[in-house]
Amino acid sequence: MTAPALLLLNGAPGSGKSTLAALLAARRPLALALDVDQLKHSLGGWEEDLHRSGLQARRLALALAGRHLADGHDVLIGQYLAHPAFPDQLAQLAAEAGARFVEAALVADEATLAARLASRRAAPDRPEQAANGRHVGPADAAAHLAALDALLEGRPHVHRLDARLPREELACALGRILDAPASKEHRP
């Protein structure tokens, strides 16, 4: 039996992380596309304290991911992260579960990201996009990209993918990354 994989797909808001995680999960038997934002938005009063609700959602995500990995199934998390704490927790969780930890990031230029955020704010595809649109807009693109770049600078093992590529091409690339033999490069 092949060990399950835990994928962290990082990227700025609007880069397509959640959509790709869901698309990829649909192609892998019993894989879980775990959306931390959906967990956060399920918490009562989450908007009253974004930091606290975000941390609680991450704790819940770790528990859910741990159970699913222990059952032998892949977990795919699309989440914007600018600090290493949660990726490091995910790496530890994967190691404890005997799973492979893979980090990838969707990278985009500022103009592309700002356009996506404007489009998403005008016509959100999912409820969490509408909620997040109240807190993140096109003017935030540069700051989000700078924070992501700073994180990735210290994580050379992260697979970087161009967010401008067609969705299907990105899904296939992520599938190949997940199906590749494990190497030490995948562990922080």
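Residue 172, in the numbering used here, is where the sequence shown stops; the numbers in between run on with no holes. Ideal Cβ placement from N, Cα and C applies to all residues, glycine included. Here the structure is a predicted model, which means the values were calculated and not measured.
Notebook entry, point to check: Three-state secondary structure (DSSP) at D146?
Noted result: strand
Margin query: Is the beta carbon of A41 closer than 8 angstroms to that of I61?
Written below: The answer is no: Cβ separation not under 8 angstroms.
Note to self: For I61, list the residues DSSP reports as bridge partners.
What the structure shows: L(-8), L18
Next item on the list: Using a threshold of 8 angstroms, state whether the C-beta atoms of K1 and Q63 are closer than that.
Entry: yes
Notebook entry, point to check: For the alpha helix (DSSP H) that E32 lies in, which residues bound it at each end?
Noted result: Looking at the DSSP string, E32 is not in any alpha helix (DSSP H), and its letter there is neither H nor E.
Checklist line | Whole-angstrom C-beta distance between L77 and L(-10), which should lie under 8 angstroms | finding: 7 angstroms
Next item on the list: Grab me the residues of A166's own chain with a C-beta within less than 7 angstroms of its C-beta, minus the 5 sequence neighbours each way, in chain order.
Entry: R84
Check: Considering only the beta carbon of each residue, do S(-1) and A147 sit closer than 8 angstroms?
Finding: At a Cβ-Cβ threshold of 8 angstroms, S(-1) and A147 count as neighbours.
Next item on the list: Name the residue from R144, L48, L34 whose alpha carbon lies nearest to the alpha carbon of D58.
Entry: L48
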